[in-house]
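**Q**
There are 2 protein chains.
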Amino acid sequence: MKLVENAAGRLVPTEVNGRDAVPFAGVGGHRPAGRRAAPRVATCLDYPDDGDKRVGSIAEALEAVGLADGMVVSSHHHLRNGDAVANLVFDAAAALGRRDLMWFPSASFPVHANQIRHLEAGVIHHIEGSMNGPLGDYCSTGRMRGLGVLRSHGGRWQAIQDGEVGIDVAVIAAPTADAFGNATGDRGPAGCGLLGFALADSIYAEKVIVVTDNLVPFPCLPWQIQGNHVDVVVEVDSIGDPTKIVSGTTRVTNSPDRLRIAELAARFCAAAGIMRPGFSFQAGAGGTTLAFAIYLRDLMRAAGVTARFARGGSNRYMVEMLSEGLVEHILDGQTFDLDGVASIRSDPRHVNTSPFTSYNFHGKGNFASMVDVAVLGATEVDLEFNGNVVTHSDGRLLHGIGGWQNCLAARCAMLLVPSFRDRIPVIVEEVTTLCGPGELIDVVVTERGIAVNPRRQDLLDAVAGSGLPIRPIEDLKAELDRICGSPQPVPRSDQPVAVVKWVDGTVLDTVWKVG
Amino acid sequence: MKLVENAAGRLVPTEVNGRDAVPFAGVGGHRPAGRRAAPRVATCLDYPDDGDKRVGSIAEALEAVGLADGMVVSSHHHLRNGDAVANLVFDAAAALGRRDLMWFPSASFPVHANQIRHLEAGVIHHIEGSMNGPLGDYCSTGRMRGLGVLRSHGGRWQAIQDGEVGIDVAVIAAPTADAFGNATGDRGPAGCGLLGFALADSIYAEKVIVVTDNLVPFPCLPWQIQGNHVDVVVEVDSIGDPTKIVSGTTRVTNSPDRLRIAELAARFCAAAGIMRPGFSFQAGAGGTTLAFAIYLRDLMRAAGVTARFARGGSNRYMVEMLSEGLVEHILDGQTFDLDGVASIRSDPRHVNTSPFTSYNFHGKGNFASMVDVAVLGATEVDLEFNGNVVTHSDGRLLHGIGGWQNCLAARCAMLLVPSFRDRIPVIVEEVTTLCGPGELIDVVVTERGIAVNPRRQDLLDAVAGSGLPIRPIEDLKAELDRICGSPQPVPRSDQPVAVVKWVDGTVLDTVWKVG
Numbered sequence: 000m001k002l003v004e005n006a007a008g009r010l011v012p013t014e015v016n017g018r019d020a021v022p023f024a025g026v027g028g029h030r031p032a033g034r035r036a037a038p039r040v041a042t043c044l045d046y047p048d049d050g051d052k053r054v055g056s057i058a059e060a061l062e063a064v065g066l067a068d069g070m071v072v073s074s075h076h077h078l079r080n081g082d083a084v085a086n087l088v089f090d091a092a093a094a095l096g097r098r099d100l101m102w103f104p105s106a107s108f109p110v111h112a113n114q115i116r117h118l119e120a121g122v123i124h125h126i127e128g129s130m131n132g133p134l135g136d137y138c139s140t141g142r143m144r145g146l147g148v149l150r151s152h153g154g155r156w157q158a159i160q161d162g163e164v165g166i167d168v169a170v171i172a173a174p175t176a177d178a179f180g181n182a183t184g185d186r187g188p189a190g191c192g193l194l195g196f197a198l199a200d201s202i203y204a205e206k207v208i209v210v211t212d213n214l215v216p217f218p219c220l221p222w223q224i225q226g227n228h229v230d231v232v233v234e235v236d237s238i239g240d241p242t243k244i245v246s247g248t249t250r251v252t253n254s255p256d257r258l259r260i261a262e263l264a265a266r267f268c269a270a271a272g273i274m275r276p277g278f279s280f281q282a283g284a285g286g287t288t289l290a291f292a293i294y295l296r297d298l299m300r301a302a303g304v305t306a307r308f309a310r311g312g313s314n315r316y317m318v319e320m321l322s323e324g325l326v327e328h329i330l331d332g333q334t335f336d337l338d339g340v341a342s343i344r345s346d347p348r349h350v351n352t353s354p355f356t357s358y359n360f361h362g363k364g365n366f367a368s369m370v371d372v373a374v375l376g377a378t379e380v381d382l383e384f385n386g387n388v389v390t391h392s393d394g395r396l397l398h399g400i401g402g403w404q405n406c407l408a409a410r411c412a413m414l415l416v417p418s419f420r421d422r423i424p425v426i427v428e429e430v431t432t433l434c435g436p437g438e439l440i441d442v443v444v445t446e447r448g449i450a451v452n453p454r455r456q457d458l459l460d461a462v463a464g465s466g467l468p469i470r471p472i473e474d475l476k477a478e479l480d481r482i483c484g485s486p487q488p489v490p491r492s493d494q495p496v497a498v499v500k501w502v503d504g505t506v507l508d509t510v511w512k513v514g
Numbered sequence: 000m001k002l003v004e005n006a007a008g009r010l011v012p013t014e015v016n017g018r019d020a021v022p023f024a025g026v027g028g029h030r031p032a033g034r035r036a037a038p039r040v041a042t043c044l045d046y047p048d049d050g051d052k053r054v055g056s057i058a059e060a061l062e063a064v065g066l067a068d069g070m071v072v073s074s075h076h077h078l079r080n081g082d083a084v085a086n087l088v089f090d091a092a093a094a095l096g097r098r099d100l101m102w103f104p105s106a107s108f109p110v111h112a113n114q115i116r117h118l119e120a121g122v123i124h125h126i127e128g129s130m131n132g133p134l135g136d137y138c139s140t141g142r143m144r145g146l147g148v149l150r151s152h153g154g155r156w157q158a159i160q161d162g163e164v165g166i167d168v169a170v171i172a173a174p175t176a177d178a179f180g181n182a183t184g185d186r187g188p189a190g191c192g193l194l195g196f197a198l199a200d201s202i203y204a205e206k207v208i209v210v211t212d213n214l215v216p217f218p219c220l221p222w223q224i225q226g227n228h229v230d231v232v233v234e235v236d237s238i239g240d241p242t243k244i245v246s247g248t249t250r251v252t253n254s255p256d257r258l259r260i261a262e263l264a265a266r267f268c269a270a271a272g273i274m275r276p277g278f279s280f281q282a283g284a285g286g287t288t289l290a291f292a293i294y295l296r297d298l299m300r301a302a303g304v305t306a307r308f309a310r311g312g313s314n315r316y317m318v319e320m321l322s323e324g325l326v327e328h329i330l331d332g333q334t335f336d337l338d339g340v341a342s343i344r345s346d347p348r349h350v351n352t353s354p355f356t357s358y359n360f361h362g363k364g365n366f367a368s369m370v371d372v373a374v375l376g377a378t379e380v381d382l383e384f385n386g387n388v389v390t391h392s393d394g395r396l397l398h399g400i401g402g403w404q405n406c407l408a409a410r411c412a413m414l415l416v417p418s419f420r421d422r423i424p425v426i427v428e429e430v431t432t433l434c435g436p437g438e439l440i441d442v443v444v445t446e447r448g449i450a451v452n453p454r455r456q457d458l459l460d461a462v463a464g465s466g467l468p469i470r471p472i473e474d475l476k477a478e479l480d481r482i483c484g485s486p487q488p489v490p491r492s493d494q495p496v497a498v499v500k501w502v503d504g505t506v507l508d509t510v511w512k513v514g
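Chains A and B are the protein sequences, given in the same order.
Going by numbering that gives the first Met the number 0, the residue at position 487 of the first sequence is 486; the numbering climbs one at a time, nothing skipped.
Going by numbering that gives the first Met the number 0, the residue at position 114 of the second sequence is 113; the numbering climbs one at a time, nothing skipped.
1. Going by DSSP, what residue range makes up the alpha helix (DSSP H) through Thr242 (chain B)?
2. Between Val64 (chain A) and the rest of its own chain, which residues show a CB-CB distance below 7 Å, the 5 nearest in sequence each way excluded?
3. So what does Pro109 (chain B) bridge to, in DSSP terms?
4. Can you name the start and end residues of the beta strand (DSSP E) that Arg348 (chain B) belongs to?
5. In the DSSP output, which residue or residues are listed as bridge partners for Lys206 (chain A)?
6. My parser needs the beta strand (DSSP E) runs of 3 or more residues fully inside the region 316-396 of chain B; what are they?
7. Can you tell which of A:Thr390, A:Val462, A:Gln456 has its C-alpha closest to the C-alpha of Thr431 (chain A)?
8. Under a Cβ-count criterion, where at least 16 other Cβ atoms within 10 Å of its own Cβ denotes burial, should Glu127 (chain B) be classed as buried or exposed?
9. List, in chain order, every chain A residue whose beta-carbon is nearer than 7 Å to that of Gln225 (chain B).
10. Using a beta-carbon distance cut-off of less than 9 Å, what residues from the region 37-50 of chain A approach chain B?
11. Just how far apart, CA to CA, sit Val443 (chain A) and Asp457 (chain A)?
12. To which residues of the same chain is Ala290 (chain B) closer than 7 Å at the C-beta, ignoring the five residues directly before and after it?
13. Using 8 Å as the Cβ pair cut-off and three pairs as the minimum, do the region 498-506 of chain B and the region 23-37 of chain B touch?
14. Mind the definition here: the region 290-307 of chain A touches the region 264-271 of chain A only if three or more C-beta pairs lie below 8 Å; say whether that holds.
15. Within this structure, are the beta carbons of Leu193 (chain A) and His77 (chain A) separated by less than 9 Å?
16. When the Cα atoms are used, what is the spatial distance from Pro133 (chain B) to Asp346 (chain B)?
17. Is Lys476 (chain A) helix, strand or coil when you go by DSSP?
18. What are the start and end residues of each continuous beta strand (DSSP E) run of 3 or more residues lying completely inside the region 238-283 of chain B, in chain order?
19. In chain order, which continuous runs of the alpha helix (DSSP H) of length 4 or greater are located wholly inside the region 106-156 of chain B?
20. Can you give, in chain order, each stretch of the beta strand (DSSP E) that sits fully within the region 80-107 of chain A and has at least 3 residues?
21. May I have the straight-line CA-CA distance separating Lys1 (chain A) from Ala158 (chain A), to the nearest angstrom?
22. What residues in the region 228-252 of chain B bring their beta carbon closer than 8 Å to a beta carbon of chain A?
23. If you measure from the beta carbon of Gly364 (chain A) to each beta carbon in chain B, is any gap under 9 Å?
24. Measure the C-alpha to C-alpha separation of Met320 (chain A) and Gly184 (chain B) and round it to an integer number of angstroms.
25. Quick check: what's the CA-CA separation for Ala292 (chain B) versus Tyr316 (chain B)?
26. Can you name the residues of chain B whose CB is closer than 8 Å to the CB of Asn452 (chain A)?
27. Gly286 (chain B) lies in the beta strand (DSSP E); which residues open and close that run?
28. Residues in the same chain with beta-carbon distance under 6 Å from Ile423 (chain A), minus the five sequence neighbours each way, listed in chain order, please.
29. Can you list, in chain order, the residues of the region 146-161 of chain A whose Cβ is nearer than 8 Å to any Cβ on chain B?
30. I'd like to know if Asn359 (chain B) contacts chain A, where contact means its C-beta is closer than 9 Å to some C-beta of that chain.
31. Inspect the CB distances between the region 25-39 of chain B and the region 460-472 of chain B and report whether three or more fall short of 8 Å.
32. Would you list the one or two residues that DSSP bridges to Thr305 (chain A)?
33. Verify the CB distance criterion: does His328 (chain A) have a CB-CB separation below 9 Å to chain B?
34. State whether the region 88-108 of chain B contacts the region 46-60 of chain B, with contact taken as three or more CB pairs (one from each stretch) at a distance under 8 Å.
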């Protein structure tokens, strides 16, 4: 495998899973050429006039769409760790004797550890997509035949749209659907809110299978996925475990350190003038960012400030802000709890988005760069403000990128990180895996102080005299190292097991074999 | 120009405006090859981070998107005869000195007679799209340089999707929009309901310009057109005359003959068992089909039958049926009056559709074939049940196809026609222009009786003994000819001025020069 140093100084392969790969060329350094992917033209001659596309089982569906060895099979992760469908699909493919499939999930979860036996048996050749938990570990330890390819949500849309990944068969788990294939995530026993992560798959895949446990008469409304893209529909008893799809309640951190981080971040937004009438923000679903949203809400109430929109992942707190009028719209990418699902089903101000609208860098703009502040986590951040979200400092691949890279386009991108995890400092000399270039990361908030990227003199000026503990990142690092001792660098192997793509499809970094 | 006889026995050119054309091969006789059209991949690098894509004028917009001689410029017709934008665009193109443009409207109206001077001056080379009124006459009399190409709404989507027509610049008149280009038709001073006819243009055009007279802060909701497809946004004082965009009230026919036709058609639906619980219907916005909907409503009330869905064009009567619960959903393609606009804006059961969902024959099914009965008009129908909607018996091109061809896919396609127009019988030996093959036309309803296509013995059996005036079409024709005298066939020239495409993109017939 040929490796070159990219514009970030990272060693990356020039070929990934048999395709030429473009090394990262710097932020804004790569311009796409070519045309969007174009599936074969379909004809109504091949579909029933009465619109009933049902077949009897997942195996029948896979045969109906012509699943063959070596094909790319995609799935979405809106059912999260409650998903039953992706496992059923590969179990059926194994029973049909198919081999060397590429699984292209928008993300995988511990429940998908089931696929390890299909990787071992050769049914699945490799996985391109976020691998959380056991599959990350499987890849990390060099047991997967191909390279893992980690893409952001926007990068996955970009890769599909640009034809970097041609999906042969998309399987869309649908909480509600009709026999024509119209599908929605906002209702049904396995309701998950929305299905935006499957939208590109439905548009660009050659063949599309909708799997549902809640068939309704045509028309299924809303049609988040349009039946006109769908080849066959399968009814199953259950597409997943509702208790693991959305949480019944949202859990805010109760760690004093993390509460302090959240509070500092919210106060920073107020002090810097980001929290002004008509502003916008994005906060994820983690315990710390949830707490951030609650602190921000209190500051907004006190200041009488309302936001034009908040970007989801949505949850109870965001829905409360919408109801209270503190937020005029939620532009939602995924729904994390039952309040979020109920809201997106019934409130027209709570809007279904997709990686196309929100994150695709190869579009005519996207929403991410219009967000005033995005609040994110990280596993590591270094002195250049570079961020890592996929590996831990021991080099193990344990997390996906999600929308993290895409959110760095916000006017202010803030990383909310504890100073230590398992007694290892989070601020490091150089990140183990580069996921986000430091020039896009504006603020790092820890419980011991706030580091502002020196490139953002405007922010430094804005918060001067605010009383916030603004400190150079080097000072923060030095303090952490004094407490813990600077960690021993973990020697890395020279065997790539995965690559991290940047939002423009270039290769930003390599994940190396561990263990 | 080389002409061949197609499967319908019609003489058609093998090349249309410099492109090879496929002669009609019979209903279901043509299978598409190849892949969908694919615009160049865009990049956020070329669009402002703050999402503000506004430029100062339509001329600036045309320059910003690189309008060049010979390009294809598209527009939609949701503003109908009130549209100001298409005229402004070609006025601006003329002022910029551009030549030989192809105008590709989803339809044109008398207000667009303005374009005749641009055709004469060479700014516009030719028009592909329905030409109602003066432009139809201009084309009909052989003054246009290229061939007119008449497509159904579904055929226009198919042509764009399949790459038969590559749109260089789409101009989308938007009753409400934000600076990012998100746009909706359901509100604003020039509110027209929806923008579905512009959807393909927004997705497949290389460059997209949104023109609005009602700019709102991001996010414009709903986003019927997604700003992620849009290059530039222009604010103008007015995109059109609201009084000519939607009618304030819906006008039902008061002609006794046409009321009788409407009543017979509704009674036929009841007698034939089409009007059964959970059925679906589509009725257009003409005076007779409106009256049909009212008669049908009364029969539904009396029988206690509700429809699962009705396909729009929507209007006051359909909205009333929705409110009353006689219709569960309106799947709307265009909105014809203010009640329709108000309903689609506020009632989630009144749903925005597009030619993709409803009509595209080169999709994985569409809605049209799932409709139990579609009620349509025609200018002529012949003894083989072939229908004409674009020319009159004198050969003049005066109408567009609209969704007419697409609706023939319904389980029962009914033509509601008066026996005579201007003392010329509507039932003829052979249609002047073939727009719909007779095998798809099931029933012809006139005030003098109902002719059922002999292919539909099931319908004949169902209405036997109903007391409805069922008559062979030959009998009806003979009666009309006795009254008027069989009309003199109008000799046709041998100069094609336009072609009629079938829903699969093949050439169904030719329109010949008159006068």
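Heads up, the beta-carbon is just placed ideally off N, CA and C, and yes, glycines get one too.
**A** In this structure, then:
1. Segment 241-244, the alpha helix (DSSP H) holding Thr242 (chain B).
2. Counting only Cβ-Cβ distances below 7 Å, and skipping sequence neighbours, we find Val168, Lys206, Ile208, Asp230, Val231.
3. Under DSSP, Pro109 (chain B) takes part in no beta bridge, so it has no partner.
4. For Arg348 (chain B), there is no enclosing beta strand (DSSP E), as DSSP marks it with neither H nor E.
5. Under DSSP, Lys206 (chain A) forms a beta bridge with A:Val168.
6. With a minimum length of 3 residues, the continuous beta strand (DSSP E) runs that stay inside the region 316-396 of chain B are 326-331, 349-351, 372-375, 379-381.
7. Nearest of A:Thr390, A:Val462, A:Gln456 to Thr431 (chain A), Cα basis: A:Thr390.
8. Sixteen is the threshold: when 16 or more other Cβ atoms of the shown chains lie within 10 Å of the Cβ of Glu127 (chain B), as they do, the residue is buried.
9. Chain order gives the chain A residues near Gln225 (chain B) as Thr356, where near means a beta carbon separation below 7 Å.
10. Listed in sequence order: Ala37, Pro38, Arg39, Val40, Ala41, Thr42, Cys43, Leu44, Asp45, Tyr46, Pro47, Asp48, Asp49, Gly50.
11. Between Val443 (chain A) and Asp457 (chain A), the C-alpha separation is close to 15 Å.
12. Val251, Thr252, Arg257, Leu258, Ala261.
13. Result yes; three or more Cβ-Cβ pairs closer than 8 Å.
14. Three or more beta-carbon pairs separated by less than 8 Å link the region 290-307 of chain A to the region 264-271 of chain A, which places the two stretches in contact.
15. Contact annotation: Leu193 (chain A) and His77 (chain A) have beta-carbon atoms nearer than 9 Å.
16. Across the structure, Pro133 (chain B) and Asp346 (chain B) are spaced so that their CA atoms are roughly 38 Å apart.
17. Reduced to three states, the DSSP call for Lys476 (chain A) is helix.
18. Inside the region 238-283 of chain B, DSSP marks whole beta strand (DSSP E) runs of 3 or more residues at positions 278-282, from first to last along the chain.
19. You should have 114-120, 133-139.
20. Inside the region 80-107 of chain A, DSSP marks whole beta strand (DSSP E) runs of 3 or more residues at positions 100-104, from first to last along the chain.
21. Whole-angstrom Cα-Cα distance: 22 Å.
22. Taking 8 Å as the Cβ-Cβ cut-off against chain A, the residues of the region 228-252 of chain B that qualify are His228, Val229, Asp230.
23. Answer yes: the Cβ-Cβ gap between Gly364 (chain A) and chain B drops below 9 Å somewhere.
24. Met320 (chain A) and Gly184 (chain B): Cα-Cα distance of roughly 29 Å.
25. Straight-line spacing of the CA atoms in Ala292 (chain B) and Tyr316 (chain B) works out to 7 Å.
26. Per Cβ cutoff of 8 Å: no residues; Asn452 (chain A) is ~17 Å from chain B at best.
27. Per DSSP, Gly286 (chain B) lies in no beta strand (DSSP E) segment; the continuous alpha helix (DSSP H) that holds it begins and ends at 286-302.
28. Non-local beta-carbon contacts of Ile423 (chain A) in its own chain, meaning distances under 6 Å to residues more than five positions away in sequence, involve Ser392, Pro486 in chain order.
29. Taking 8 Å as the Cβ-Cβ cut-off against chain B, the residues of the region 146-161 of chain A that qualify are Gln160, Asp161.
30. For Asn359 (chain B), the answer is yes, since a Cβ of chain A falls inside 9 Å of its Cβ.
31. Output reads no: the region 460-472 of chain B does not touch the region 25-39 of chain B.
32. In DSSP, Thr305 (chain A) forms no bridge with anything.
33. Chain B contact via Cβ: present.
34. Counting Cβ pairs under 8 Å, three or more are found: they touch.
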